[in-house]
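Enquirer: Residue numbers (UniProt numbering), protein chains in the order written: chain A, 1 to 327; chain B, 1 to 327; chain C, 1 to 327; chain D, 1 to 327. Positions of the beta carbon are idealized from the N, C-alpha and C atoms, including for glycine.
4 protein chains.
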Amino acid sequence: MSFDIIRAARAILHVTDLNQSRDFYVNALGFIETEADDAHIYLRGLEEHTHHSLVLKKADEAAVEAISYKVRNEEDLEELAALFTRDGSKVKWLEAGSQTAVGRAFRVQDVSGMPVEFFVKMDGAERFLQRYDMYRGARVQRIDHFNCMVSDVEKAYEFYTKKLGFACSEYTAGAEEKIWAAWLHRKPTVHDVAFMNGKGPRLHHIGFWLSDCMSIIHTCDVLASIGYGAHIERGPGRHGLSNAFFLYLRDPDGHRIELYTGDYLTSDPDFKPIRWDINDSRRQTFWGHAAPDCWFEEASTVLDVHDGQKQELKEAVLAQQKPTFIT
Amino acid sequence: MSFDIIRAARAILHVTDLNQSRDFYVNALGFIETEADDAHIYLRGLEEHTHHSLVLKKADEAAVEAISYKVRNEEDLEELAALFTRDGSKVKWLEAGSQTAVGRAFRVQDVSGMPVEFFVKMDGAERFLQRYDMYRGARVQRIDHFNCMVSDVEKAYEFYTKKLGFACSEYTAGAEEKIWAAWLHRKPTVHDVAFMNGKGPRLHHIGFWLSDCMSIIHTCDVLASIGYGAHIERGPGRHGLSNAFFLYLRDPDGHRIELYTGDYLTSDPDFKPIRWDINDSRRQTFWGHAAPDCWFEEASTVLDVHDGQKQELKEAVLAQQKPTFIT
Amino acid sequence: MSFDIIRAARAILHVTDLNQSRDFYVNALGFIETEADDAHIYLRGLEEHTHHSLVLKKADEAAVEAISYKVRNEEDLEELAALFTRDGSKVKWLEAGSQTAVGRAFRVQDVSGMPVEFFVKMDGAERFLQRYDMYRGARVQRIDHFNCMVSDVEKAYEFYTKKLGFACSEYTAGAEEKIWAAWLHRKPTVHDVAFMNGKGPRLHHIGFWLSDCMSIIHTCDVLASIGYGAHIERGPGRHGLSNAFFLYLRDPDGHRIELYTGDYLTSDPDFKPIRWDINDSRRQTFWGHAAPDCWFEEASTVLDVHDGQKQELKEAVLAQQKPTFIT
Amino acid sequence: MSFDIIRAARAILHVTDLNQSRDFYVNALGFIETEADDAHIYLRGLEEHTHHSLVLKKADEAAVEAISYKVRNEEDLEELAALFTRDGSKVKWLEAGSQTAVGRAFRVQDVSGMPVEFFVKMDGAERFLQRYDMYRGARVQRIDHFNCMVSDVEKAYEFYTKKLGFACSEYTAGAEEKIWAAWLHRKPTVHDVAFMNGKGPRLHHIGFWLSDCMSIIHTCDVLASIGYGAHIERGPGRHGLSNAFFLYLRDPDGHRIELYTGDYLTSDPDFKPIRWDINDSRRQTFWGHAAPDCWFEEASTVLDVHDGQKQELKEAVLAQQKPTFIT
């Protein structure tokens, strides 16, 4: 392939109450609100120099409209669209001007049924990295990755690594070396997207990157102070896989957000992917803590990019969804 | 009263395997080993200028021999012994020289049956507060408090506040304002000793003070790195009560250690004790996380100061031991 | 003595522009503003359960009206006043109601000429320790200590330790073992007050306690973000003496504020004061960094408690004010 | 260009006493020693999965033998060598096996006279990222960048951006928009190499990346504890430029090491380089602290890749080396 997908760039979430969402994302978590209207809120992190990395869109039901990647240039975008078309997928073009702050883009249902968008240009915005007086809550720096629950991880893995040029940093395998989950990247961090075995397609979570662990501890304290304690679903803890220090939150509509810091550089093309056994208790939480059932079972509904209907769910190909640890 | 109890000063724990204990306390947690012989290990924290705050004593069974307080001077010690004697308790004197590094002391079973020791003098030791090159693991600074599970908290509360001069910083109360747990101090922090309602007398945990939250996160990482992940029982988290950031560990014999930081100054005599409702989910973990059952049910056996036999357990006076949260 | 001075409790500073001061203390440093009128702003830290620990008072010239200690009870206050009177000092009583939120108090010029106040009662205020959503800037927790530049440190040392019952935690001595500076405490931390050799009486700084080092780093970042970078005078750094991690700021009127964390417990009556040699380069900044000249030379003017006039300055008894390090 | 330089990968420093260097890098700073012989020590950081990122080589005089970049594959290496040859530079090939742990490589004097090496392969080594029990001192994670003092920054800038494919993240410009310094990257961080105006070619420093600010504070404490306080040259502080939290150290031979954390992702090809004015006092230290003269004036001698002789120094093209701040 000669195109260049740069990184995970934004997500578009349907939410049922914009004010409630604003209170959670802006007041509690400290996202910067770039712009808003009656139907949308556009949010960005402190180091982001672009208009937004998260769009909250007013809707009757919570869902994921699209997860979106930035592509190097217009030629790459064309080539990428051609690839999907050749592959039998129907591409939907969104011309420049049709979406706030985003240039020409296309959307497509990927091999797992996830609604994926690709674009080249986004309007700029003032970067507030050095406006420390504006640091609040989680001090979110930037979007980092998407985690998708899909029924056939190996199929997604093959498509993203062989056709889209993603590299694998770490993966989980069980009996017969079937891949249970895979962490794939374009930017040289642990991932831009991960695929986990489960009933899908669904979006498990969006990961936002923070600069330090104490911002995660402070987030817990702030959330508890203002009555959002019940929105903490899992953590804080250290992932064995990725080495990241993490916190999982559920937003007012149940969308899962991961606050994430502490992974590592994966720039070397000869970096050998790290294998974790499905039954290694340190894989999920390095310290051995179990994740709650809801973390394994619940995820956000995703929509069809053409008709906006909910994607039908398929059962997972691999039986074992939740590790049983032998301690 | 005219005597002056200074602070919680040391604990004497029976352990079944000194090498195994040394590996946990010294290699993993970073305690400083002042001295050891075939039957004892004497440990101290980085800021401690005295010989030890924890004695591990080789024994056939794990148990607590004594928890110990430092008293201002010899006259105070006499007066304190007289108070216990008047109160009908049999005091056991330990002359200077009979215990390593500790001057004249006495032991007594307190009103709850806990084996308590009082002494004035302890040999000094080099303080390693500014030997940052020796900081390892949890970077334990000093002993902070004892937490005792007793069958009648109000009885303990009355004795410690009215006869021994402890002040109450915070307490938990339920229906009819019965005290379910109380945090009592002599040094102006949240506590030197806490009493919790439960089958007792038993020692629930010993709290050691650290200077910052990240030392607790690093402790989890270190423990997991060297195979002690299963010794993490609860946390890390923030207590609502005391505001402390905490981690509960179980040592190789099951004794519970709390790593603790982030409480506040309680020097003002007119500080009004803070009341927490037994059903406030933020009391135990400010963020709302539940404690595991074992944290409520398991605690260390304590011994009789005269015959060394296990203290008989009494059922708790108050029925409700474990809060049920309404979320 | 039978009276009990509890701790350093508040300072009253004259400032020339209340709005400018508010911007610095409240907006930049994150102090909580309890109350204000045309002539005063009353500030407190996040863990303080009392009305204020800092009073900013509108005046034509910057100065220190008083530094103030909390005393256990009214009898102690009487006894303390009697001691000063016996000692030849003229005491000025301020009846309850004459000062906002403070009960009956007296002021006196101490042995060094510092304007000192003693009181028992202060109105309460909501403690915001667990209102993490309100944490801003330096996240100031509480007042910690006063540092006074006086012409004769030994005289102050003698009076405070022998007559007022302060204990010495650390001190600096030079040739002939003359005390060049001394750190004295009532609450069991390193100090409530320190005396340094210099032209005096002047107030060198007021120390406020923070819970962690990163709050100091964040303070620097916030100050720089909003144009207060030039108000950072010294640090961040680690003091050898006290082990505290520190930052010195100059407020808009030049009053010096220390942000301070990381000292240790000094509860033991047999704690042996730590001696530092005047020429030990690690004493001031453990890492060896030199303090700027202004830090040695500049300090706040103090007023006479009776006539409100500026106290006349005396030259220091000891010649050497600024250490010359041999590296 | 069609070749792909991956990242700054290693440096080879001549040092005069290997044991002295080991004490500094391994015992004090916590580098992992992969391998050593009578003439070399090979060091790596905690997250590095390759044999080393720093070679210390015994020599009579301190100097820089080479700074080295990893290249994607052998074809790229050939093409890169051809480019230098076409450009009139004499390339020196080092066949696989001639250097410990490194595959086929070539060295060349770059446009500024810096001794630069390019290679594709390095032997692997166990990654200790999750061996938290081995974390010591600075907890160095990985090599990050080189900073070169050169006589003509614009010439270096042109060559690295136009011929080698580096992108500029930030730069300093003065009167007439002459570039005084430039930060250039291949991996998407702020830089792999920076060029600063000065007498050159010399190596100003090697930057190593840490995961958090507190590791830098702890490094200062550890260095001071064991007598290396005088090796702290500048910081800790925050750079305005790059936003990094930094500490500059001088090793026993005077080579300058930067401990560095807190920069940001620069993956977007349309990221607009950030311009800093040469006289902006926040550029160097965001908080306004001045750097010491030695930081501007001293740097490591670099050698000729062919004859091993010291490179002759040229005076800087731009007159102004050290900013004069107008505060």
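Identify the contact partners of R142/A in chain D, using a Cβ-Cβ distance below 9 Å as the criterion.
Expert: Simply Y264, L265.
Enquirer: Can you name the residues of chain C whose CB is closer than 8 Å to the CB of Y132/A?
Expert: H218, D221, V222, A224, S225, listed in chain order.
Enquirer: Do L241/C and P188/C have their C-beta atoms closer together than 8 Å?
Expert: Taking 8 Å as the Cβ cut-off, L241/C and P188/C do not qualify as a contacting pair.
Enquirer: Residues of the UniProt domain "VOC" (7 to 121) of chain D in Cβ contact with chain A at a cutoff of 8 Å, in chain order, please.
Expert: Taking 8 Å as the Cβ-Cβ cut-off against chain A, the residues of the UniProt domain "VOC" (7 to 121) of chain D that qualify are R7, E47, H49, T50, K70, R72, N73, K121.
Enquirer: Does the segment 131 to 139 of chain C come close enough to the segment 32 to 52 of chain C to have 3 or more Cβ pairs within less than 8 Å?
Expert: Flag = yes, the segment 131 to 139 of chain C and the segment 32 to 52 of chain C touch.
Enquirer: Could you run through the segment 293 to 312 of chain D and flag, in chain order, every residue whose CB is less than 7 Å away from some CB of chain A?
Expert: Under the 7 Å Cβ criterion, the segment 293 to 312 of chain D contributes no residue.
Enquirer: Are three or more beta carbon pairs between the segment 160 to 167 of chain D and the segment 217 to 230 of chain D nearer than 8 Å?
Expert: Cβ pair count under 8 Å is below three, so no.
Enquirer: Should L129/C be flagged as near chain B, meaning a C-beta pair shorter than 8 Å?
Expert: Yes, L129/C counts as interfacial toward chain B.
Enquirer: Only counting runs of 3 or more residues, tell me where the beta strand (DSSP E) segments fall wholly within the UniProt domain "VOC" (7 to 121) of chain B, in order along the chain.
Expert: 32 to 36, 40 to 44, 54 to 58, 63 to 71, 92 to 94, 105 to 109, 115 to 119, all fully within the UniProt domain "VOC" (7 to 121) of chain B.
Enquirer: Applying a beta-carbon distance threshold of less than 9 Å, which residues of chain A neighbour M214/C?
Expert: Neighbours of M214/C on chain A, chain order: D212, M214.
Enquirer: Give the straight-line distance between the Cα atoms of L203/C and E297/C, rounded to the nearest whole angstrom.
Expert: If I take the Cα positions, the gap works out to 12 Å.
Enquirer: Counting only beta-carbon separations shorter than 8 Å, does I257/D have a partner in chain C?
Expert: For I257/D, the answer is no, since every Cβ of chain C falls outside 8 Å of its Cβ.
Enquirer: If we ignore side chains and look at the alpha-carbon of each, how far apart do G124/D and H52/D end up?
Expert: Near 9 Å, if we compare the C-alpha coordinates of H52/D and G124/D.
Enquirer: Beta-carbon of G254/C versus every beta-carbon of chain D: anything under 8 Å?
Expert: It does not: the Cβ of G254/C has no partner Cβ on chain D nearer than 8 Å.
Enquirer: Taking any Cβ of chain A, which residues in the segment 198 to 212 of chain D have a Cβ under 9 Å from it, in chain order?
Expert: Under the 9 Å Cβ criterion, the segment 198 to 212 of chain D contributes W209, S211, D212.
Enquirer: Determine, using beta carbons only, whether P188/B comes closer than 8 Å to chain A.
Expert: No, its Cβ sits nowhere closer than 8 Å to a Cβ of chain A.
Enquirer: Anyone know if the C-beta pair for E154/C and H205/C falls short of 8 Å?
Expert: No.
Enquirer: Just reading off the alpha helix (DSSP H) that I226/A is part of, what are its end residues?
Expert: Taken as a continuous stretch (DSSP letters only), I226/A belongs to no alpha helix (DSSP H), as it is neither H nor E.
Enquirer: On the criterion of 16 or more Cβ atoms from any shown chain inside 10 Å, does K310/B qualify as buried, or is it exposed?
Expert: Label assigned to K310/B: exposed.
Enquirer: For V295/D, name the three-state secondary structure that DSSP assigns.
Expert: Checking the displayed sequence, the identity of residue 295/D turns out to be Trp instead of Val. Looking at W295/D - three-state DSSP - the assignment turns out to be helix.
Enquirer: What are the complete beta strand (DSSP E) segments, minimum 3 residues, inside the segment 237 to 299 of chain D?
Expert: Within the segment 237 to 299 of chain D, the complete beta strand (DSSP E) runs of at least 3 residues are 245 to 250, 256 to 261, 274 to 277.
Enquirer: For the segment 266 to 289 of chain D, which residues have a CB atom closer than 8 Å to at least one CB atom of chain F, in sequence order?
Expert: No chain F is part of this structure, whose protein chains are labelled A, B, C and D.
Enquirer: If I measure Cβ to Cβ from E79/A and keep anything under 6 Å in the same chain, skipping five residues before and after, which residues do I get?
Expert: Correct list, in chain order: F3.
Enquirer: Establish whether the CB of N147/C and some CB of chain B are separated by less than 8 Å.
Expert: False, the Cβ-Cβ gap to chain B never drops below 8 Å.
Enquirer: Looking at the structure shown, is D192/C part of a helix, part of a strand, or coil, going by DSSP?
Expert: The answer is coil: DSSP assigns D192/C none of H, G, I, E or B.
Enquirer: Here's a check: name, in chain order, each residue in its chain whose Cβ is nearer than 6 Å to the Cβ of T172/D, leaving out the five neighbours to either side.
Expert: So the list reads W180, A181, W276, I278, once near-sequence residues are dropped.
Enquirer: When the cut-off is 8 Å and only beta carbons count, does G229/C lie next to chain D?
Expert: Closer than 8 Å to some Cβ of chain D, the Cβ of G229/C qualifies, so yes.
Enquirer: Expressed to the nearest angstrom, what Euclidean distance is found between the alpha-carbon atoms of R7/B and K199/B?
Expert: One C-alpha to the other measures close to 26 Å.
Enquirer: Terminal residues of the continuous alpha helix (DSSP H) containing V153/A?
Expert: Here the alpha helix (DSSP H) through V153/A covers 153 to 158.
Enquirer: Does H306/A pass the burial test, meaning 16 or more other C-beta atoms within 10 Å, or should it be called exposed?
Expert: It counts as exposed.
Enquirer: Taking the alpha carbon of R250/D as the reference point, which residue from E177/D, H218/D, W295/D, G262/D has its own alpha carbon closest?
Expert: Ranking E177/D, H218/D, W295/D, G262/D by Cα distance to R250/D puts W295/D first.
Enquirer: DSSP state of L129/B, grouped into three classes?
Expert: Three-state DSSP puts L129/B in coil, outside helix and strand.
Enquirer: Measuring straight from C-alpha to C-alpha, what distance separates G174/D and N147/D?
Expert: Answer to the nearest angstrom: the Cα atoms are 19 Å apart.
Enquirer: Helix, strand or coil for E176/D, going by three-state DSSP, please let me know.
Expert: Here E176/D sits in helix by DSSP.
Enquirer: So is I136/D in contact with chain C if we call contact Cβ pairs under 8 Å?
Expert: It is worth fixing the name first, because residue 136/D is Arg in this sequence and not Ile. No, no contact with chain C.
Enquirer: Here's a check: name, in chain order, each residue in its chain whose Cβ is nearer than 8 Å to the Cβ of A36/C, leaving out the five neighbours to either side.
Expert: The answer, listed in chain order, is L18, R22, Y42.
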